[in-house]
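Presented below is the structure to which this report refers.
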Amino acid sequence: MILVPMIRNNICMNAHPLGCAREANLQAARAEAFALKLGKSDKGPKAVLVIGCSTGYGLASRLTAAFAYRAATVGISLERTPRGTKTGSPGWYANRAFDTAAAEKGIFARTFDLDAFSHAAKDRAVEAAREGGFSYDLIIYSLASPVRVDPDTGYLYRSVIKPIGSGFSGKTVDVFTGRLNEAHAEPAEPSEIEETVKVMGGEDWELWMTKLALSGVLAPGALSVAYSYVGPALSWPIYRYGTIGKAKEDLERAARVISAGLGTSGLQACISVNKAVVTRASSVIPVIPLYVSTLFKVMKERCLHEDCMDQMLRLFSERLYRPGSGPLPLDDGGRIRLDDLEMEAAVQNEVASRLSRLDESNLRELADIDGFRQDFLRAHGFEVPGVDYSVEVDLLT
Ligand SMILES: NC(=O)c1ccc[n+]([C@@H]2O[C@H](COP(=O)([O-])OP(=O)(O)OC[C@H]3O[C@@H](n4cnc5c(N)ncnc54)[C@H](O)[C@@H]3O)[C@@H](O)[C@H]2O)c1
Numbered sequence: 000m001i002l003v004p005m006i007r008n009n010i011c012m013n014a015h016p017l018g019c020a021r022e023a024n025l026q027a028a029r030a031e032a033f034a035l036k037l038g039k040s041d042k043g044p045k046a047v048l049v050i051g052c053s054t055g056y057g058l059a060s061r062l063t064a065a066f067a068y069r070a071a072t073v074g075i076s077l078e079r080t081p082r083g084t085k086t087g088s089p090g091w092y093a094n095r096a097f098d099t100a101a102a103e104k105g106i107f108a109r110t111f112d113l114d115a116f117s118h119a120a121k122d123r124a125v126e127a128a129r130e131g132g133f134s135y136d137l138i139i140y141s142l143a144s145p146v147r148v149d150p151d152t153g154y155l156y157r158s159v160i161k162p163i164g165s166g167f168s169g170k171t172v173d174v175f176t177g178r179l180n181e182a183h184a185e186p187a188e189p190s191e192i193e194e195t196v197k198v199m200g201g202e203d204w205e206l207w208m209t210k211l212a213l214s215g216v217l218a219p220g221a222l223s224v225a226y227s228y229v230g231p232a233l234s235w236p237i238y239r240y241g242t243i244g245k246a247k248e249d250l251e252r253a254a255r256v257i258s259a260g261l262g263t264s265g266l267q268a269c270i271s272v273n274k275a276v277v278t279r280a281s282s283v284i285p286v287i288p289l290y291v292s293t294l295f296k297v298m299k300e301r302c303l304h305e306d307c308m309d310q311m312l313r314l315f316s317e318r319l320y321r322p323g324s325g326p327l328p329l330d331d332g333g334r335i336r337l338d339d340l341e342m343e344a345a346v347q348n349e350v351a352s353r354l355s356r357l358d359e360s361n362l363r364e365l366a367d368i369d370g371f372r373q374d375f376l377r378a379h380g381f382e383v384p385g386v387d388y389s390v391e392v393d394l395l396t
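Below, the structure written as structure tokens:
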């Protein structure tokens with residue numbers, strides 16, 4: 000079968016098996032090259048659990064742990080298996096490529112295609128640690144999920160991206176046509192706020208950490224990190240002050256509870272506020288594609304641009320396992336900040352000025368719409384350098 004991207008409303012419905020595998024291998028090679036730069040160091044994770052391991056920030060975290068630090072990794076994600084003429088989802092192929100690359104290098108890796116909210120996923124992660132004879136010293140929580148099924152009641156919670164209190168309107172872009180549109184979102188109902196917090200908040204992270212602690216598979220002094228985003232003021236009505244922002248606030252609450260309640264063995268849980276990047280999750284949030292395209296242009300012009308891998312290599316080498324001793328560098332809210340370059344005043348002022356002037360005629364001059372589109376396609380295995388897209392592919396490759 001010859002595959003071309005099938006895009007609807009900024010969502011890509013298929014994935015290219017060889018492209019997804021090649022992309023994962025290219026990023027693994029970056030992590031290995033970074034390891035050479037790092038040189039020998041005793042610091043670094045030894046056994047890492049990544050919840051949400053297959054794409055975006057979770058995959059970049061796992062690649063960094065395995066290929067820059069040679070850590071054993073266990074990954075949990077929920078991906079679509081290829082069926083008939085339907086391709087699998089990008090993460091399904093990325094996971095397979097990861098496992099193959101890790102096996103070739105003799106690095107322990109176990110990957111489970113399971114619902115992270117289920118008891119089974121938590122049980123498998125415990126069993127994998129016992130099988131590998133290790134305790135986790137780093138647990139990354141990197142889920143972006145539209146739903147959560149409570150494994151005890153079967154109730155299905157849905158997460159929504161909506162403002163709270165009043166409606167929100169803002170400019171957004173279709174990165175494939177270059178057309179600007181006005182996006183509008185009605186305010187969330189109280190039940191929608193609650194459900195979004197249930198899905199994207201910290202409750203499940205607490206359940207994970209409690210399970211790992213009670214099962215005795217946490218190393219003394221283990222770290223757990225969950226990812227968040229703050230972003231520019233223009234996105235706050237829909238993001239930070241909206242339903243997702245409430246869920247992220249709850250994640251911060253959970254970090255405090257985990258550190259205080261389970262911290263007897265020195266466990267520390269914290270939030271890392273990461274930079275805006277193009278992932279499957281980020282492209283569906285109104286306003287964000289236009290902001291991110293403009294941000295990319297400004298950051299690239301200033302040689303400050305970073306993708307998921309750059310961010311995770313920096314998280315590990317300059318935050319979690321930086322040379323020397325002393326506590327983790329945190330902001331006043333107790334969070335790691337990896338969005339420091341994005342949030343620099345000069346960058347934000349320039350982005351805001353461009354967004355106020357932007358229209359369809361100057362879109363490519365002021366914003367990196369092609370960069371956004373390309374990152375988005377690469378996240379689905381298309382336009383990956385070195386792949387011959389004219390060759391027939393087996394969907395189960
Ligand atoms: N994308 C950004 O710009 C950005 C910026 C800062 C922070 N973040 C945060 O990073 C985290 C990860 O987001 P991303 O953008 O990398 O998303 P992503 O869509 O690329 O990855 C989400 C991961 O979650 C997994 N997942 C979803 N539902 C699951 C389930 N029920 N069970 C098991 N796995 C499941 C997917 O398989 C995938 O591995 C989120 O918390 C997000 O808010 C993202």
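So for the sequence shown, numbering that gives the first Met the number 0 puts the first residue at 0; every next one is plus one. C-beta atoms are modelled at their ideal positions from N, C-alpha and C, and glycine is treated no differently. Predicted, not measured: the structure shown is a model, and the values here were computed from it.
Minimum C-alpha distance to residue i - residue among the options
i: M342; options: L303, D122, F375 and S223; result: L303
i: G164; options: T176, A96 and Y238; result: Y238
i: I257; options: K39, S281, W204 and A70; result: W204
i: R336; options: A225, E181 and V148; result: A225
i: V125; options: D173, R178 and A218; result: A218
i: P288; options: R178, L319 and V383; result: R178
i: R279; options: H379, S264, V383 and Y240; result: H379
i: A254; options: E202, V277 and V291; result: E202
i: V73; options: L394, A115, G38 and E248; result: A115
i: R95; options: T84, D112 and D41; result: D112
i: Y68; options: T86, L37, Y92 and I6; result: L37
i: V383; options: R7, L25 and A344; result: L25
i: C39; options: Y320, Y290 and V291; result: Residue identity differs from the one stated: residue 39 is Lys in this sequence, not Cys. Among Y320, Y290 and V291, the Cα nearest to that of K39 belongs to Y320.
i: L450; options: R356, L62 and K170; result: Since the displayed the chain opens at 0 and closes at 396, residue 450 lies outside it and no answer follows.
i: L206; options: D122, E248 and K170; result: D122
i: P322; options: D41, G332 and V346; result: D41
i: R377; options: S360, F33 and G90; result: G90
i: K210; options: Y135, G325 and A28; result: Y135
Chain-order list of residues whose beta-carbon lies under 7 angstroms from that of residue i (same chain, five-residue window excluded)
i: T195; result: S158, V159, T242, I243, K245 and A246
i: L294; result: A275, E341 and V350
i: S88; result: A14, E78 and R79
i: D330; result: R336
i: P186; result: K161, P162, I163, G164, S165 and G166
i: P150; result: F116, S117 and H118
i: F175; result: I6 and R372
Cβ-based burial, residue i [other Cβ within 10 Å; buried from 16]
i: G215; result: exposed
i: M0; result: exposed
i: I368; result: buried
i: R232; result: According to the sequence as given, residue 232 is Ala; it is not Arg. Exposed, because fewer than 16 other Cβ atoms sit within 10 Å of the Cβ of A232.
i: V146; result: exposed
i: D338; result: buried
i: M208; result: buried
i: L251; result: For clarity, residue 251 is Glu in the given sequence; the question names Leu instead. Its Cβ being crowded by 16 or more others within 10 Å, E251 is buried.
i: I192; result: buried
i: V277; result: buried
i: R363; result: exposed
i: G200; result: buried
i: T152; result: exposed
i: A268; result: buried
i: D393; result: exposed
i: T84; result: exposed
Contacting residues, own chain, Cβ-Cβ under 8 angstroms from residue i (five flanking each side not counted)
i: R154; result: According to the sequence shown, residue 154 is Tyr rather than Arg. Closer than 8 angstroms at the Cβ level, and outside the excluded window around Y154, lie V148.
i: A212; result: L261, S264 and L266
i: D358; result: L179
i: K296; result: R353, L365, A366, D367 and G370
i: V458; result: This structure cannot speak to residue 458, because the chain is shown only from 0 to 396.
i: Y290; result: G230, P231, L233, S234, A275, V350 and L354
Cβ neighbours of residue i in the same chain (closer than 6 angstroms, five flanking residues each side left out)
i: S141; result: G51, Y56, G57 and Y226
i: F381; result: P4, H15 and G18
i: I138; result: L48 and S223
i: I284; result: I160
i: M12; result: M5
i: S190; result: none
i: V272; result: S227, V229, R334, R336 and D338
i: H183; result: S168
i: L395; result: P81
i: T110; result: G74, N94 and D98
Closer than 7 angstroms to chain D by CB, residue i
i: K247; result: Absent here is chain D; the protein component of the structure consists of one chain.
Practice prompt. Output the residues surrounding ligand 1, defined as those with a CB atom closer than 6 angstroms to any ligand heavy atom, in chain order.
Written response: In chain order, the residues that have a beta carbon nearer than 6 angstroms to some heavy atom of ligand 1 are G51, C52, S53, T54, G55, Y56, G57, I75, S76, L77, E78, G90, D114, A115, F116, S141, L142, A143, S144, Y226, S227, Y228, N273, A275, V276, T278, R279, A280 and S281.
Worksheet item: Are three or more beta carbon pairs between the stretch 96–115 and the stretch 17–37 nearer than 8 angstroms?
Response: yes
Worksheet item: Taking one C-beta from the stretch 284–304 and one from the stretch 35–53 each time, how about it: are there three or more such pairs within less than 8 angstroms?
Response: No, the stretch 284–304 is not in contact with the stretch 35–53.
Worksheet entry | Cβ contact (3+ pairs, closer than 8 angstroms) linking the stretch 143–158 and the stretch 101–112 | No, they do not touch.
Worksheet entry | Three-pair Cβ contact test at 8 angstroms for the stretch 78–96 versus the stretch 48–59 | yes
Discussion item. Under 8 angstroms: do the stretch 116–135 and the stretch 304–321 share three or more Cβ pairs, one atom per stretch?
Written reply: no
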